[in-house]
Amino acid sequence: MRAAEQDSGIGLVDDEAQAAVVAAEGIIEKASGGDSGGEFGPVWSDDRVAHLLERLASDFVLDNTYREQHLSLTASENYPSKLVRMLGSGLQGGFYEFAPPYPAEAGEWAFPDSGANASLVGKLTGIGRQLFEAATFDWRPNGGSVAEQAVLLGTCGRGDGFVHFAHKDGGHFALEALAGAAGVNTYHLPMVDRTLLVDVDRLATLCAEHPEIKLVILDQSFKLRWQPLAQIRAALPEGVFLAYDASHDGALIAGGALPQPTLLGADAVHGNTHKTIAGPQKAYIAFRDADHPKLRAVSDWVCPQMQSNSHAELIAPMYVALSEIALYGHDYARQILANSKALAHALHEEGVRVSGESFGFTETHQVHVITGSAADALRLSLGDLAHAGIRTTNIEVPGANGLHGLRLGVQAMTRRGLREAEMREVARLVAKVVLRRAEPTTVRAEVADLLQDHALDRLAYSFDAYVDSPAAARLLGEVFR
Ligand SMILES: *Cc1c(COP(=O)(O)O)cnc(C)c1O
Numbered sequence: 001m002r003a004a005e006q007d008s009g010i011g012l013v014d015d016e017a018q019a020a021v022v023a024a025e026g027i028i029e030k031a032s033g034g035d036s037g038g039e040f041g042p043v044w045s046d047d048r049v050a051h052l053l054e055r056l057a058s059d060f061v062l063d064n065t066y067r068e069q070h071l072s073l074t075a076s077e078n079y080p081s082k083l084v085r086m087l088g089s090g091l092q093g094g095f096y097e098f099a100p101p102y103p104a105e106a107g108e109w110a111f112p113d114s115g116a117n118a119s120l121v122g123k124l125t126g127i128g129r130q131l132f133e134a135a136t137f138d139w140r141p142n143g144g145s146v147a148e149q150a151v152l153l154g155t156c157g158r159g160d161g162f163v164h165f166a167h168k169d170g171g172h173f174a175l176e177a178l179a180g181a182a183g184v185n186t187y188h189l190p191m192v193d194r195t196l197l198v199d200v201d202r203l204a205t206l207c208a209e210h211p212e213i214k215l216v217i218l219d220q221s222f223k224l225r226w227q228p229l230a231q232i233r234a235a236l237p238e239g240v241f242l243a244y245d246a247s248h249d250g251a252l253i254a255g256g257a258l259p260q261p262t263l264l265g266a267d268a269v270h271g272n273t274h275k276t277i278a279g280p281q282k283a284y285i286a287f288r289d290a291d292h293p294k295l296r297a298v299s300d301w302v303c304p305q306m307q308s309n310s311h312a313e314l315i316a317p318m319y320v321a322l323s324e325i326a327l328y329g330h331d332y333a334r335q336i337l338a339n340s341k342a343l344a345h346a347l348h349e350e351g352v353r354v355s356g357e358s359f360g361f362t363e364t365h366q367v368h369v370i371t372g373s374a375a376d377a378l379r380l381s382l383g384d385l386a387h388a389g390i391r392t393t394n395i396e397v398p399g400a401n402g403l404h405g406l407r408l409g410v411q412a413m414t415r416r417g418l419r420e421a422e423m424r425e426v427a428r429l430v431a432k433v434v435l436r437r438a439e440p441t442t443v444r445a446e447v448a449d450l451l452q453d454h455a456l457d458r459l460a461y462s463f464d465a466y467v468d469s470p471a472a473a474r475l476l477g478e479v480f481r
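Below, the structure is given as structure tokens:
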């Protein structure tokens, strides 16, 4: 049995993609079966390493074909540029790198090194601090979940409390079980369902009634609106830590299309680097003040308490991804917002039920479509839409009285070069499946047509145009030396 067949148990690998794999394996077999001799001559087919690589290649064919031909409308994913991907192949990941984001004496886990890590970390933290108006930038968390968990554990102990968004209001899932196990009480942010905004007065009352609350963390993954951060800060008792999880809207903040949390009173902004920021699957924690009393505790929870290795090979890719934001982020963020608004309005005009009409549907990269029951939404996302070549996730839609639907995000397609006009086409195709129950395979052909002129290997707002430059060649020559 071929690997691709084994992996297709859930029925998501369709015939066309399967055919691409079979064809690719055929090509590889043919190329290897020739009689030209030399290194890749007749012995190839007996060579188990070659066979292993051949099989791996077929997985990559399957995946690349899928990615090229699918409209990726998931809000939590992106396409990293070629340089971001290739730089992750450096040897740095073979050594440990522990240094914390505060001054510390060298201790038991300090290693001799070339000085390159300090130089790379210096570049990365410099640009990270600048993009998030922060005094520190800890590059070490291996994901957005670790970052928020470190903030929770560094600010709350047994018997303390913290406030975050309930799941139904888009809160992330990484905190409550951990808080329970650590003896920290969980409270939910009071919301106004109609506006999807935090009810600041009720939050003030909640904190006054529960003086054990030490942390308020804005951790939405389902996020259509900017929250009133300055008012939230003003409503909190002194000493309550205010954290902003920018996993979703990091590029919108760094690109200047949304405000800077640290300038509005957040003690720290943190998040991963692979949703609107098109970096590797990695994360950061940035403090407003370098001498913040919680900096040490939060940082030590990241490493060494929850992590030992921090994937040092991803320092350079993070730096390049943030450099792409520094250079192109202004235009990228504005195009994302133009695209999400265009998509939401066009879906609405098609007759699709879009959440948030009272505030213009969206202020972020996300658009929420209400479709009905949880089972319906799941069936659409993994069934008809998937077969139509449209990649989405199903969610319980915030403010929709328990109804479920689709969370769409436009950032990945914005990097493929789609703009407002194409967004209207995307809306038409989504509506065709969701409302008009069109045959998914016919829509799939239209999706492929739409994407044909938007190559995956020349992403907008990225350094892809420089990948063949002499400077990149010299750099990559060293990466793969
Ligand atoms: C996606 C997300 C995370 C988790 O990030 P990972 O890198 O997958 O660990 C954390 N917080 C929020 C708000 C998120 O949306």
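With full-length UniProt numbering, the residue at position 28 of the sequence shown is 28, and numbering never jumps.
Virtual Cβ for every residue (Gly too), placed ideally from N, Cα, C.
Under the DSSP assignment, Val-443 falls in the alpha helix (DSSP H) whose first and last residues are 440-452.
Non-local C-beta neighbours of Tyr-244 in its own chain, meaning closer than 6 Å and more than five positions away in sequence, comprise Leu-218, Pro-261, Ala-266, Val-269, ordered along the chain. The alpha-carbon separation between His-365 and Val-479 amounts to approximately 34 Å. Assignment of alpha helix (DSSP H) within the region 121-157, counting only whole runs of 4 or more residues, yields 144-155 in chain order.
For Cys-156 and Pro-101, the gap between their C-alpha atoms comes out near 20 Å. By the Cβ criterion, the region 446-456 is not in contact with the region 104-117, since fewer than three pairs of Cβ atoms, one from each stretch, lie closer than 8 Å. Rounded to the nearest whole angstrom, the CA to CA distance from Tyr-461 to Lys-294 is 36 Å. Collapsing the DSSP output to three states places Ser-72 in a strand. For the pair Glu-313 and Gly-88, the Cα-to-Cα distance works out to about 5 Å.
For Asn-309, the three-state secondary structure derived from DSSP is coil. Excluding five sequence positions before and after Ala-204, the CB atoms of its chain that fall closer than 6 Å to its own CB belong to Ala-235, given in chain order. With respect to Lys-275, Asn-142 sits apart: the two C-beta atoms are not nearer than 8 Å.
When C-beta atoms of the region 184-198 are compared with those of the region 131-142, fewer than three pairs fall below 8 Å, so the two segments do not count as touching. In this structure, the C-beta of Asp-245 approaches ligand 1 to less than 7 Å from one of its heavy atoms. Per the Cβ contact rule, the region 56-75 is in contact with the region 384-392 (3 or more Cβ pairs under 8 Å).
For Glu-439, the distance from the CB to the nearest heavy atom of ligand 1 is not below 7 Å.
In this structure, ligand 1 has no non-hydrogen atom nearer than 7 Å to the beta-carbon of Asn-64. Under the three-state reduction of DSSP, Thr-364 is assigned to coil, being neither helix nor strand. Distance check between Ser-373 and each of Glu-349, Ser-358, Ala-346, Asn-401 places Asn-401 closest, using alpha-carbon atoms only. About 7 Å separates the CB atoms of Gly-409 and Ser-76; that is less than 8 Å, so the two are in contact. For Val-216, the uninterrupted beta strand (DSSP E) segment begins and ends at 213-218. CA-to-CA, the gap between Glu-349 and Gly-360 works out to about 13 Å. Contact between Gly-144 and Ser-247 holds: their C-beta atoms lie close to 4 Å from each other, under 8 Å. Note on Asn-339: 16 or more other CB atoms within 10 angstroms of its CB, so buried under the neighbour-count rule. Judged by DSSP secondary structure, Asn-401 falls outside any beta strand (DSSP E); it is assigned neither H nor E.
Ala-344 and Ala-471 have their C-alpha atoms some 41 Å from each other. Residue range 315-350 is occupied by the alpha helix (DSSP H) that includes His-330. For Thr-393, DSSP records a beta bridge to Arg-407.
Its chain contains Pro-141, His-270, Ala-283, Ile-285 as the residues whose beta carbon lies nearer than 6 Å to that of Ala-147, once the 5 sequence neighbours on both sides are disregarded; these appear in chain order.
Spanning the alpha carbons of Arg-458 and Asp-291 requires a straight line of approximately 42 Å.
For Ile-285, the enclosing beta strand (DSSP E) has its first and last residue at 283-287. Minimum Cα-Cα distance from Lys-223 among the listed residues Ala-342, Gly-329, Lys-123, Val-367 corresponds to Val-367. Just so you know, the alpha carbons of Pro-440 and Gln-231 end up roughly 47 Å apart.
Contact between Ile-213 and Phe-162 holds: CB atoms are separated by about 7 Å, below the 8 Å threshold.
Annotation: Glu-324 to Ala-251 spans about 10 Å, alpha carbon to alpha carbon. Ligand 1 never approaches Glu-396 closely enough for any of its heavy atoms to be under 7 Å from the residue's Cβ.
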